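> Before anything else, here's the structure in question.
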Amino acid sequence: MYGTSYPPTATVYRVKVNVQRFESWPGSQAVIDAVWSVHAAGANAVLTCRTVATERVGAGYDALVTGHRQVVDEIAAAISASVRSLNALPPSSSSRAKTVTVAPLPARHRAQ
């Protein structure tokens, strides 16, 4: 959380998420298309990615909410994996930030 104190030995990551599309079709699907980036404070590398997550849903709003929870979980898992990848990168000697663009993961279509 921005502005929260943390131990000096902790690595701090900044995650920015820009939701491009948030669509709901009851009885059909829930879709979130998000562009996001992860940056470790004090490091030069920035990962910029896009995830389009789609979940098939049944009829009714409860099923739609469940579907949106699942696509949010999918985006969160992709961000988490990127934080681990960023943590594994060797420190850069350059003072300029480098952007690494990762191809979007294929959207998983799950039937309910």
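In full-length UniProt numbering, the protein residues as written are 1 to 112. The beta carbon of each residue, even a glycine, is placed where N, CA and C say it ideally should be. Since the model is a prediction, treat every value here as computed from it, not as a measurement.
So which of Val-17, Asn-87, Glu-55 has the shortest CA-CA distance to Ser-37?
In the sequence shown, counting from the first residue as 1, residue 37 sits at position 37. With distances taken between Cα atoms, Ser-37 lies closest to Val-17.
> Between which residues of its own chain and Ala-41 is the CB-CB distance below 6 Å, once the five residues before and five after are set aside?
Within the sequence shown, numbered from 1, the residue matching residue 41 stands at position 41. Val-12, listed in sequence order.
> With a cut-off of 8 Å, do at least 3 Cβ pairs link the segment 23-37 to the segment 69-78?
Touching, yes.
> In angstroms, rounded to a whole number, what distance separates the CA positions of Trp-25 and Leu-64?
For the purposes of this step, residue 25 is taken as residue 25 along the sequence shown, with counting starting at 1. For the purposes of this step, residue 64 is taken as residue 64 along the sequence shown, with counting starting at 1. Approximately 8 Å between the Cα atoms of the pair.
> Grab me the residues of Ala-59's own chain with a C-beta within less than 7 Å of its C-beta, minus the 5 sequence neighbours each way, in chain order.
For the purposes of this step, residue 59 is taken as residue 59 along the sequence shown, with counting starting at 1. Around Ala-59: Pro-26, Gly-27.
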